[in-house]
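Notes follow once the structure below has been shown.
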DNA sequence: CTGTTAGCGCCTTCAA
DNA sequence: TTGAAGGCGCTAACAG
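Protein chains in written order, with the numbering used here: chain W, 59 to 431; chain A, 59 to 431.
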């Protein structure tokens, strides 16, 4: 127990060779039941656990999985990690955590990734919201190193398995809900439009308006930064307008921005949802605890984490299901089999959206009602 | 680049033996500058990175560090992890994440820990808020496996390095602040008293009242569960009382419970801080975004993470600084050198506490003013 | 200064 | 069904 024992010690104790012990440990056939039994008993008694390092060296495969995350403090990352960790725990694998903090400049980030590949310490990688690093990752994949991406900033890349949320659908549903509540002047505070996620959510917003026959009013669309300050700033701009030009609802494309909207509303002495309705996006854990509780679109964090890690494990364990050996090319090809999984979001109706009273409805066209989607 | 090359390939390319390459790689002396230069160049050119697995096997030491965390979704854990990850990134070590989810029953947890020790996959362990598992950990430490604890549920154990926050001091300062604002009827919604953290915070509350000459009123002290529902329930009980018996301030011993208090206040149509002041504890990231922004006691997450991981790295790299070989005993002893580090908290004054208007002051004794601490 | 050799703990042929 | 032997990639003596 105290002094670490090795396979030879077990072999000696069982009066067999190390080869036999190894076979038992790896559930290989061709071992007599009696011998197997005896060895197993001794292993148990001695609390022997094989050195994963040695196994890694000799077998050439690793039982470690890289998980690359942006700052752990970023909303929803912990939610995903919980599920990922839970699933990995049920396997012989362990998670090696690589955190791309903001302080790592891009160059470092590339180095980190190169090192991950070079050392071959891990058997594969799950990259969550890799941002700028996404490009480096496709490189890994092309070298035959299994990578799965959970991303929302970029469109899926050829050949790299990709998991994401249906941001367009979520925004569509959220906007449609606001419309159903009677809102027509619905402002949209976007994220940075360089990100696919922002464009997708904006698209959903646009589509819902269009399907309801509400003309898009560009003065109601502002670009934010996904952070509270961006939401606050956008809301201030919106709320400073004369009442007739003010939106009756604000759709903040992230919960953090919604928090900023709430504080701006307080500044203006406006009450949510009485004076103005508010919709968020993400469903950060704290959103349910806001006063009033934030109505928002829940990202399927758990499912994304689960799908992604299960896919990665499969890529690692059964690469033949996905990779094809290119006869004339030295590299492997996953192109045609790279899964793209887009998971549905979930509208969380809480207390920040209110049915618009009749008298507030004063737009010319209101002949259509949204039903599609 | 594509086919992984080993130290022999480099040796061949440089026309030297593997021994020499190894010496260069490990910065050993006794290599001619010219040779060293040449080898380094080739290593660089080829993008060669030694196999950490092989190094681990031959040297008997690991470059992996276990970090044991409760659910990553628990408040403040990500904040600590960020700093831990950042520091580890500057070392040759990597983080292996073990998440003790609530689904793991205690038995499993013990198994996880036993396995960590048995496989010797990692060189040491940082355990953050290990809860019930703390007992298993002392066991590890005793086997000569470096462990550092960040804990608040239990008193430091003999021989196990321990990092914590000054919960008593934080609660003392918070209570004193409320008193300075003129509050005398200050309710305290505690965490479960089986935890040291709850007792410590309660002690701080008590001490501050005592030092201010305010008698402790037990009807103002309720036990909660650190969760929003506990805070809500406690606040409902408090706020349902006739106004004269109601507290003028509530000290919730966690931010989550403070959120519950906020929702209870809203139910009662009470405004914070106009009608009642509220103090939290922890400073969850979202607390600054609450409406109104929550005044609370900030836990030194970053510092705790930093101190803990730096200590652990030192224990791993320079065990002689801490361990003494016991001549007659097979085990090592760290008892007398186990550091106990208690870090100060930080009062974050925001918008949920208000100076009590004079007319509300109607208690008999108000002769002392708190100044100690 | 540099090459050679013997393992680290294990798995995997190849014989027996 | 089992044992013996040869590495996996690297480091650490020990020679030269």
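Where is the CB? At the ideal position from N, CA and C, for every residue including glycine.
Bridge partners - residue i, DSSP secondary structure assignment
i	result
residue 403 (chain A)	Answer is none; residue 403 (chain A) lacks a bridge partner.
residue 475 (chain W)	Beyond the ends of chain W as shown, which are 59 and 431, falls residue 475 (chain W); an answer cannot be given.
residue 185 (chain W)	W:126, W:207
residue 340 (chain A)	A:356
residue 43 (chain W)	What is shown of chain W runs 59 to 431, which leaves residue 43 (chain W) out entirely.
residue 398 (chain A)	A:220
CB contact check: residue i to chain W, cutoff 8 Å
i	result
residue 179 (chain A)	yes
residue 348 (chain A)	yes
residue 243 (chain A)	no
residue 282 (chain A)	no
residue 335 (chain A)	no
residue 384 (chain A)	Per-residue confidence for residue 384 (chain A) stands at a pLDDT of 42, beneath the threshold of 50, marking its modelled position as unreliable; the derived number appears in the next sentence. By this cut-off, residue 384 (chain A) is not an interface position.
residue 185 (chain A)	no
residue 324 (chain A)	yes
residue 293 (chain A)	no
residue 391 (chain A)	Bear in mind that a pLDDT of 48 at residue 391 (chain A), under 50, signals an unreliable position, so the model cannot answer this.
Per-residue DSSP class, three states only, for residue i
i	result
residue 138 (chain A)	helix
residue 98 (chain W)	helix
residue 320 (chain W)	helix
residue 334 (chain W)	coil
residue 363 (chain W)	helix
residue 88 (chain A)	coil
residue 77 (chain W)	helix
residue 258 (chain W)	helix
residue 374 (chain W)	helix
residue 279 (chain A)	strand
residue 310 (chain A)	strand
residue 226 (chain W)	helix
residue 268 (chain A)	helix
residue 236 (chain W)	helix
residue 177 (chain W)	helix
residue 315 (chain W)	helix
Minimum Cβ-Cβ distance from residue i to chain A less than 8 Å
i	result
residue 276 (chain W)	no
residue 151 (chain W)	no
residue 331 (chain W)	no
residue 252 (chain W)	no
residue 139 (chain W)	yes
residue 62 (chain W)	yes
residue 67 (chain W)	no
residue 92 (chain W)	no
residue 298 (chain W)	no
residue 263 (chain W)	no
residue 260 (chain W)	no
Limits of the alpha helix (DSSP H) - the one that residue i falls within
i	result
residue 292 (chain A)	286-297
residue 222 (chain W)	Unbroken run through residue 222 (chain W) is the beta strand (DSSP E), 220-223; no alpha helix (DSSP H).
residue 213 (chain W)	It is not in any alpha helix (DSSP H) - residue 213 (chain W) carries neither H nor E in the DSSP assignment.
residue 345 (chain A)	Residue 345 (chain A) -> no alpha helix (DSSP H), and no H or E assigned at all.
residue 116 (chain W)	110-117
residue 149 (chain A)	No alpha helix (DSSP H) holds residue 149 (chain A); DSSP gives it neither H nor E.
residue 304 (chain W)	Looking at the DSSP string, residue 304 (chain W) is not in any alpha helix (DSSP H), and its letter there is neither H nor E.
residue 193 (chain A)	192-200
Beta strand (DSSP E) segment containing residue i, residue limits
i	result
residue 155 (chain W)	152-158
residue 122 (chain A)	122-128
residue 248 (chain A)	244-248
Proximal residues of chain W, C-beta to C-beta of residue i below 7 Å
i	result
residue 188 (chain A)	Going along chain W, no residue has its Cβ under 7 Å from residue 188 (chain A), so there is no contact; the nearest lies around 15 Å.
residue 173 (chain A)	107
residue 114 (chain A)	111
residue 343 (chain A)	131
residue 176 (chain A)	105, 107
Under 9 Å from the C-beta of residue i: neighbouring residues of chain A
i	result
residue 285 (chain W)	Per Cβ cutoff of 9 Å: no residues; residue 285 (chain W) is ~10 Å from chain A at best.
residue 76 (chain W)	Near residue 76 (chain W) there are no residues of chain A at all, since even the closest Cβ is about 16 Å away, more than 9 Å.
Contact set between residue i and chain A, taken where Cβ atoms lie within less than 7 Å
i	result
residue 412 (chain W)	None at all; the shortest Cβ gap to chain A is about 15 Å.
residue 136 (chain W)	130, 131, 136
residue 154 (chain W)	152, 153, 154
Under 8 Å from the C-beta of residue i: neighbouring residues of chain A
i	result
residue 310 (chain W)	Neighbours of residue 310 (chain W) on chain A: none; closest Cβ ~12 Å, over 8 Å.
residue 317 (chain W)	344, 347
Contacts of residue i in chain W (Cβ-Cβ under 8 Å)
i	result
residue 320 (chain A)	347, 349
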